[in-house]
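Protein chains in written order, with the working numbering: chain A, 25 to 441; chain B, 25 to 441. Just so it is clear, CB atoms sit at the ideal spot from N, CA and C, and this is done for glycine as well. It should be emphasised that the depicted structure is a prediction, and the values quoted were computed from it without experimental measurement.
Spelled out as structure tokens, the structure:
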């Protein structure tokens, strides 16, 4: 089965946004063995879009569009698609009712143009939009399928997984042939990883190994090709085991797992409540911890202490300490973690103090220097880091290091000393 | 002049990399007034690439490819392009000599397959590659132009600016400038915007208007085409003025400005220090405020109060209030802002308390309900919101609403009551 992706919208044509939707859909379709052979981008121009869609339908079996399903005059993808498939449009009462409910729920007035989104080509299969307002549709003609998905990536992805994939599975019996396992590492660089795993990289065939640098750390992607997901997993398992035997300490998670989710699960299992005291990360550690659904079960809260005053008065860091060592120092990181743990009555606490830059660096304490402390029943440990990058990168890397140290502390407790 | 971009390569088709080349080329061409009407991506498949290029040459005046000029067997773009243009390929001695010099310089052996890069379609104009080895070419036929650029972004960009733009300027005298102005709004939906600006959208010609939904809110892009940037700005100014006259309250910034930067600048100018008290946003407001370089000048810090305990003990919210109204309520939001302002000795403070979900909603207080308060010398104001979306989206939107209310408070002070 040959597929073509058609992404629409002037922002794409003008290069104002990068086409992440095409990459995402291609990747997901590939995983289930659908060959994407063409990707086309066209603007909100009726004649050109019609030409593109007609041509796509002539050379592909499956055409998926994204974009142009919204309420405004420029949103014409569904209309033009209906034209290409020889169908008329009519107001779908169910879709209209869903729109009205949505607007009532968020307490906003529904302007008339919103009803454009409830206009559906006759006989089309409807995909409900659970992440926005514009529904998607699928239309069949002579054994070929044209699918319209929304443009905003969060809506497109939700509909792709929730509705389109199951729909394709039923329709074509497509099944997984490519299967990947991602190992997330933190604290080890790409070249060191390659050195430690060099022979595995050289001998790779099926599964293959790839290292990819991400803001969260380097990820190792193990990819296998097989007839089924189970068969692919069987190829991947021994490779994963070998990698973990060599660098297991640096691997904190797999696949879509996030470090904040893993730490959260550990806190929940061990019935520990956590508190944060942040200087250079400015609330990012607390924000990441609370990104996880259900985190109110184990997050007490935190203090962002951006001034010495707040460090002293709220966290109880002694002024002597601040004066003798400076705010960016091992003793202050320690006192911050211990202070917030005591103050908020948490079992475990994590603190950050450092220089995110771009200004303020000295020879002794250059920009990127960050002290991270974790305090709990097993005592307090402190790490000194030096992160490269922009202010935003230093902040994120420091938050990642803070969560990684918290994870190791909970895992190993006293063993860390 | 109509242009089509053809990007080639399996990594793009498989979605392993995002197509930043297409976005870049589109943006740069647009700036000189060349209309990119189509973007197509195709793999290293001879038949399909030939079809795509032939079709592109039939509907566009200028076709620019990127990718597939390298030394390996899979690099076929130049060959296929020559076929489409009816030209034979021959070894170009100058290109071959340049390759040999290059390899000698970096002290590497030049394998035979590298000479593929010196095979040039007869009569083609050659673009020297100053950032890599594969030269680019341009071929003319019946007044239309086919250009092959390399795939690696650094090589493509270097050749685009150093060679292609001057070549196009001489050939077509292209010089028109496209200039955009982005207005960032918050608190008004896309459909309501269109309703309020409908006549401007209908009458648009030059400049044009577009609405785009972003996580930060809806943005309005005003785009003008003119002979110079100054002339384009002159076309944009009256349109911007008219839009601001109608919906100015919702416009918080322009172009690349971020709300946290705008708020930061205002705090700095007015010499106000800010503090935050966050429940549902979990530190995100503080984190965004401290994303801005120099924010230590005006951010005192904040408290993430994820439990009633922390709200009461650190922020001084009365237990009566928490019991009678619940944590997610107008009076608690008010007490949090006032409490943190007092506690941290800040001139102005912002608080959030709400339900980010997905669990925990009730009929009275459904998921997405967020109270936001700002407290300062002009008193305290509280807003009630209901945000749609996932937990992450509710968190971000609440942080955006908190910063927006802070901005309005600083701007308008007492006038808000």
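Could you tell me the alpha carbon to alpha carbon distance between residue i and residue j, rounded to whole angstroms?
i	j	result
residue 435(A)	residue 221(B)	58 Å
residue 474(A)	residue 426(A)	For residue 474(A) there is no data in the structure shown, the boundaries of chain A being 25 and 441.
residue 339(B)	residue 348(B)	17 Å
residue 121(B)	residue 276(A)	51 Å
residue 251(B)	residue 202(B)	9 Å
residue 160(A)	residue 148(B)	46 Å
residue 343(A)	residue 334(B)	24 Å
residue 103(A)	residue 346(B)	52 Å
residue 306(A)	residue 376(A)	9 Å
residue 240(A)	residue 208(A)	8 Å
residue 135(A)	residue 216(B)	6 Å
residue 190(B)	residue 266(B)	38 Å
residue 309(B)	residue 384(B)	22 Å
residue 155(A)	residue 262(B)	36 Å
residue 359(B)	residue 337(B)	12 Å
residue 295(A)	residue 128(A)	40 Å
residue 318(A)	residue 285(A)	10 Å
residue 386(A)	residue 352(A)	11 Å
residue 243(A)	residue 204(A)	12 Å
residue 71(A)	residue 44(B)	26 Å
According to DSSP, is residue i helix, strand or coil?
i	result
residue 432(A)	helix
residue 264(A)	helix
residue 213(A)	coil
residue 197(A)	coil
residue 151(A)	strand
residue 161(A)	strand
residue 238(A)	strand
residue 116(B)	coil
residue 128(B)	helix
residue 401(A)	coil
residue 145(A)	strand
residue 395(A)	strand
residue 373(A)	strand
residue 229(A)	coil
residue 203(A)	strand
residue 111(A)	coil
residue 101(A)	helix
residue 316(B)	coil
residue 256(A)	helix
residue 329(B)	strand
residue 407(A)	strand
residue 378(A)	strand
residue 418(A)	helix
residue 170(A)	strand
residue 219(A)	helix
residue 341(A)	coil
Compare the C-alpha of residue i against each of the options and name the closest.
i	options	result
residue 408(B)	379(B), 416(B) and 431(B)	379(B)
residue 83(B)	84(A), 86(A), 79(A) and 85(A)	79(A)
residue 399(A)	187(A), 208(A), 190(A) and 370(A)	370(A)
residue 75(A)	101(A), 137(A) and 269(A)	101(A)
residue 324(A)	43(A), 298(A) and 336(A)	298(A)
residue 145(B)	124(B), 114(B), 137(B) and 169(B)	114(B)
residue 235(B)	212(B), 256(B) and 184(B)	212(B)
residue 29(B)	60(B), 35(B) and 51(B)	60(B)
residue 381(A)	404(A), 419(A), 367(A) and 273(A)	419(A)
residue 105(B)	182(B), 165(B) and 133(B)	165(B)
residue 27(B)	64(B), 40(B) and 42(B)	64(B)
residue 85(B)	62(B), 70(B), 67(B) and 95(B)	62(B)
residue 388(A)	246(A), 410(A) and 227(A)	410(A)
residue 67(A)	57(A), 98(A), 237(A) and 81(A)	98(A)
contact_flag[the region 105-114 of chain A, the region 388-405 of chain B] where n(CB pairs < 8 Å) is 3 or more: no
The region 319-330 of chain A / the region 302-320 of chain B touching (three or more Cβ pairs under 8 Å): yes
Ordered list of beta strand (DSSP E) runs contained in the region 264-313 of chain B, each at least 3 residues: Unbroken beta strand (DSSP E) runs of no fewer than 3 residues, entirely contained in the region 264-313 of chain B, are found at 275-278 and 298-302, following chain order.
Stretch pair the region 87-104 of chain A + the region 166-181 of chain A: three plus CB contacts closer than 8 Å: Contact between the region 87-104 of chain A and the region 166-181 of chain A is present, because at least three Cβ pairs lie under 8 Å.
Every unbroken alpha helix (DSSP H) within the region 26-98 of chain B, with a cutoff of 4 residues, ordered by chain: 34-37, 44-55 and 70-83
Cβ contact check for the region 50-60 of chain A and the region 48-58 of chain B: 3 or more pairs under 8 Å: no
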